[in-house]
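Input: a single structure, listed below in structure tokens.
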Amino acid sequence: MRGNRPPNTPVPPPLHREAPALLPPPAPAPHPREGAHGRLLRGGHGHGRPGAPIVALAITGSIAAYKAVEIARHLVRAGARVIPVMTRSARELIGPVTLSGITGERVYTDMFDESVPGEIHLELGTAADVVVIAPATADVIARLAMGRADDLVTALALCARGPVLAAPAMHPRMWAHPATQRNVGTLEADGRVELIGPVEGEVATGERGMGRMADPAVIAAAALARGGKRDLAGLRIVVTAGPTIEDLDPVRYLGNRSTGKMGFAVAERAAARGAQVTLIAGPVELPTPFGLRRVDVRSTLAMKRALWEALGQELDLADALVMTAAVADYRPAEEHPVKRKRSAEPIALELVANPDLLAEVGAARRGRAPVLCGFAVETDTDEGVAREGARKLAAKRVDLIVANHARDSFGKDDDRATILSHEGAEALGTLPKTALADRILDRVAAIARR
Ligand code: CTP
């Protein structure tokens, strides 16, 4: 774009927040997936990781607009390049500076902006691997259904070369209105705009009903799934996540501190990369990632049943198992059907060992499939973690063990891990769990396709 500027045009100061994308330092090489109209694509700190999609995030004027910031954060964390687009009403609700700060990109609001060469909607529509309209108001849904192009968001949706997703957010009466439902029907019949949500829940007024925007994490994952590379297409992956919990009586239980974040990250990235995913989850407080099958369980024995159902008794229904679950090693010898009463006397709990689910699959596996990846959570030194990981790799007869420290992993968004295989150890340093998930899946896929 610099090249298009007449020779003596003054260059505005680069710190101006509204126009950083137009005057970046020259990029050393074009972005690998820059579109034919790639002039908009140089600039911002948000170039994105190679292989991650370029997402045009279009925000329209619903109160849920503030949640678009969270969608942008999820996408940027996952390595996507996010180019924000806002309608005039969205600008009444949140400031563009927030979005440009998070994405490192200029925010586009106007169809006719003289500072941008070319037609902005075409430039963006060509550059973006996926367009996400979130939140999508009843008004934008109506305009999309009519095929109008009366602002940048609708014009962009009309000329996007990639998929267009829209996450409706409105008062339940607006969602239920026959006009909105007719427009939604039209979009579904046209098949060019995929709706994510809305969901049932509390809306801005505090009332409950259908009309709340889907969870930002789910919308971001859907964007990554639709816009990203689908290099795991054809692989069937089973992932276990979270703790298992063993009930002592109807009130008390034995559990552990696993939150399920790692397993959900693996499942989400596997689905986003095109794998067919079954996620077997212990009790956790996490929304279901986009595009996979989730089976909820509580106890270790319930996880065992779900696991064998997903893998098949002959282990022929899956190509890989990633076992992130923190499986309870013991369960009470007996579960009390009624609440135990308190007394001043000490009590002893009799516990019996649970089966080692991963080791059982390792022992039953005859050939090389499915690929088996376990985790080892330790409270030892780095050397101790690696040693225990290597021991579990052999003892459980698996292909990979991801070894980490409990203090670095439980409940955190990042993790410091080492991947152990029969060829050796690879220390990965500290990574966001989604990035670690990708590294694990790269290794799993390489073994599965060997
Ligand atoms: N695992 C399992 N079933 C169990 C215990 C663990 O399938 N009953 C799996 C975990 O999902 C993980 C791996 O085995 O992938 C290692 O789990 P970890 O808790 O680190 O090791 P344990 O075998 O339980 O050994 P220890 O607790 O003594 O370290």
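In our numbering, each residue carries its 1-based index in the sequence shown increased by 4. Using N, Cα and C, we set each Cβ at its ideal position, and we do this for glycine too. Computed from a predicted model, the values in this text were never measured in an experiment.
Identify the continuous beta strand (DSSP E) that holds residue i and give its terminal residues.
| i | result |
| --- | --- |
| leucine 435 | 428-436 |
| methionine 266 | Looking at the DSSP string, methionine 266 is not in any beta strand (DSSP E); the run it does join, the alpha helix (DSSP H), is 265-276. |
| isoleucine 145 | From DSSP, isoleucine 145 is part of no beta strand (DSSP E) but of the alpha helix (DSSP H) over 142-150. |
| glycine 238 | Run containing glycine 238: none; DSSP gives neither H nor E here. |
| methionine 115 | Premise fails: methionine 115 is in no beta strand (DSSP E) and is neither H nor E. |
| isoleucine 423 | 418-425 |
| aspartate 300 | 297-300 |
On the CB-based measure, 16 or more other CB atoms within 10 Å of its CB, does residue i come out buried or exposed?
| i | result |
| --- | --- |
| phenylalanine 116 | exposed |
| isoleucine 444 | buried |
| lysine 437 | buried |
| arginine 411 | exposed |
| valine 356 | exposed |
| alanine 25 | Legend: pLDDT at alanine 25 = 37, less than 50; position of this residue unreliable, value from coordinates given subsequently. It counts as buried. |
| serine 347 | exposed |
| alanine 439 | buried |
| valine 365 | buried |
| lysine 345 | exposed |
| alanine 269 | buried |
| glycine 48 | In this prediction, glycine 48 scores a pLDDT of 48, lower than 50, which makes its location untrustworthy; the coordinate-derived value is nonetheless stated afterwards. Buried: at least 16 other Cβ atoms inside 10 Å. |
Could you check whether the Cβ of residue i sits closer than 7 Å to any heavy atom belonging to the ligand CTP?
| i | result |
| --- | --- |
| leucine 361 | yes |
| methionine 266 | no |
| aspartate 300 | no |
| alanine 410 | no |
| aspartate 333 | yes |
| methionine 327 | yes |
| asparagine 187 | no |
| threonine 385 | no |
| lysine 400 | yes |
| methionine 330 | A small fix is needed here, since residue 330 is alanine in this sequence, not methionine. Because some heavy atom of the ligand CTP lies under 7 Å away, the Cβ of alanine 330 counts as near it: yes. |
| lysine 233 | no |
| lysine 345 | no |
| threonine 102 | no |
| lysine 396 | yes |
| threonine 304 | yes |
The alpha helix (DSSP H) that contains residue i, what's its start and end?
| i | result |
| --- | --- |
| asparagine 187 | 182-194 |
| isoleucine 67 | Where isoleucine 67 is concerned, there is no enclosing alpha helix (DSSP H), given that its DSSP letter is neither H nor E. |
| isoleucine 106 | 100-107 |
| proline 220 | 220-231 |
| alanine 390 | 386-399 |
| arginine 95 | 92-97 |
Alpha carbon to alpha carbon, what distance is there between residue j and residue i?
| i | j | result |
| --- | --- | --- |
| proline 293 | alanine 224 | 9 Å |
| glutamate 38 | tyrosine 257 | Because glutamate 38 sits at a pLDDT of 41, beneath the cut-off of 50, its placement in the model cannot be relied upon, and the following sentence gives the value as read from the coordinates. If I take the Cα positions, the gap works out to 54 Å. |
| proline 254 | histidine 340 | 7 Å |
| threonine 304 | glutamate 354 | 17 Å |
| arginine 21 | serine 119 | Any reading at arginine 21 must be qualified, since the residue scores a pLDDT of 33, below 50, and its modelled position is unreliable; the value itself is stated next. Spanning the two alpha carbons is a distance of roughly 14 Å. |
| aspartate 418 | proline 182 | 45 Å |
| leucine 236 | aspartate 219 | 25 Å |
| threonine 244 | isoleucine 58 | 30 Å |
| alanine 421 | asparagine 358 | 26 Å |
| alanine 31 | alanine 449 | Interpretation of alanine 31 is limited by its pLDDT of 39, a score under 50 that renders its predicted location unreliable; the figure taken from the coordinates is listed afterwards. Computed Cα separation, rounded: 33 Å. |
| threonine 434 | glycine 388 | 18 Å |
| alanine 363 | arginine 273 | 25 Å |
| glycine 393 | arginine 453 | 24 Å |
| glycine 371 | isoleucine 284 | 24 Å |
| alanine 310 | threonine 113 | 49 Å |
| alanine 94 | proline 139 | 9 Å |
| arginine 53 | arginine 85 | 8 Å |
| alanine 111 | leucine 290 | Before going further, note that residue 111 is valine rather than alanine in the sequence given. Valine 111 and leucine 290: Cα-Cα distance of roughly 31 Å. |
| threonine 159 | leucine 319 | A small fix is needed here, since residue 159 is alanine in this sequence, not threonine. Cα to Cα, the separation comes out at about 49 Å. |
| glutamate 313 | alanine 149 | 42 Å |
| alanine 321 | leucine 315 | First, the amino acid is wrong: residue 321 is leucine here, not alanine. Approximately 5 Å between the Cα atoms of the pair. |
| valine 203 | aspartate 333 | 37 Å |
| valine 157 | glycine 215 | 21 Å |
Would residue i and residue j qualify as a contact pair, given that the criterion is a beta-carbon distance under 8 Å?
| i | j | result |
| --- | --- | --- |
| alanine 68 | methionine 266 | no |
| valine 375 | aspartate 323 | yes |
| leucine 239 | glutamate 198 | no |
| alanine 164 | valine 188 | no |
| proline 176 | glycine 201 | no |
| valine 402 | isoleucine 423 | no |
| threonine 190 | valine 242 | no |
| methionine 307 | valine 331 | yes |
| leucine 404 | proline 336 | no |
| glycine 264 | valine 288 | yes |
| alanine 276 | alanine 229 | yes |
| arginine 302 | glycine 286 | yes |
| threonine 91 | aspartate 154 | no |
| leucine 61 | proline 88 | yes |
| glycine 65 | leucine 103 | no |
Can we count residue i as close to the ligand NAD, meaning its CB is less than 7 Å from some heavy atom?
| i | result |
| --- | --- |
| phenylalanine 379 | No copy of the ligand NAD occurs in the structure displayed; its ligands are the ligand CTP alone. |
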